[in-house]
Amino acid sequence: MKFNRSRIGAIATGVIGTAMIAGTAALAAPATAAPAEGPAATKYCAKVVGQKDASGKLETLRESCSSNSLEEAGRGLRLAGGTRLMTWYSDGGYKGKMISDIYGDYGTCDSAGYGFEPSDDWKDSLSSIKGYGQCDKLKLTNIAGTYSKSFTLPESFGDEIYNNNVGYVKVWHG
12 MKFNRSRIGA IATGVIGTAM IAGTAALAAP ATAAPAEGPA ATKYCAKVVG QKDASGKLET
72 LRESCSSNSL EEAGRGLRLA GGTRLMTWYS DGGYKGKMIS DIYGDYGTCD SAGYGFEPSD
132 DWKDSLSSIK GYGQCDKLKL TNIAGTYSKS FTLPESFGDE IYNNNVGYVK VWHG
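Be aware that the sequence shown starts at 12, since it is given in this note's numbering, and climbs by one per residue.
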């Protein structure tokens, strides 16, 4: 993976757990039934990633996690100088069960921008993106590397070839 001017991006990821709703059906269960599992714990993490390691995975330089919120997880990165560039959503229309804030260590976007390969979890989940600061342009390349297209942010690409099919992301000011 190539980073523009050795820029490092930070990824803050919130994975929203599914909530179980207790109802009267649970009260009617036989006494020998296994206990119902509680709601999945929600874990929010913020990561600063560097270049790929020998196995091709992004190297984690710093990480901060919270059980409370994505905001709390990313707070340490912002205090260390990280600037929010984008928010990624797993569904079109800027919503979803996975939401990630992407941070840059070198301030908001300029004409060179930030470019990187999404994590495996995001390659087949990304469906809409909002930009912040001066980050107003976006270029996506599909996983196979056969198609690329530029967009103006924000962009919900649920009906495009890039829906759940993003191999490379570049964001910049244009």
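Virtual Cβ for every residue (Gly too), placed ideally from N, Cα, C. Fair warning: this is a prediction, and the values are worked out from it, not measured in the lab.
Selected residue, minimal CA-CA separation from residue i, among the options
i, options, result
"S161", "N175, Y179, A155", "Y179"
"K134", "Y114, I172, R86", "I172"
"T152", "G115, V177, S77, R73", "V177"
"E83", "D112, G107, G104, M97", "D112"
"S122", "C146, P165, N79, G103", "C146"
Contact under 9 Å by Cβ, residue i with residue j
i, j, result
"S138", "N175", "yes"
"G115", "Y105", "no"
Cα-Cα separation, residue i to residue j
i, j, result
"Y100", "S167", "9 Å"
"A57", "E74", "6 Å"
"Y158", "Y117", "28 Å"
"I154", "G169", "16 Å"
"G144", "C120", "7 Å"
"G103", "K181", "19 Å"
"G186", "S78", "Residue 186 falls outside the range modelled here, since the chain spans only 12 to 185, and no answer is possible."
"G142", "P165", "6 Å"
"D132", "T163", "24 Å"
"G156", "F127", "13 Å"
"I140", "L81", "16 Å"
"R95", "C76", "17 Å"
Integer Cβ distance of residue i from residue j, believed to fall under 8 Å
i, j, result
"M97", "S136", "With a Cβ gap of about 15 Å, M97 and S136 do not count as contacting."
"H184", "K148", "7 Å"
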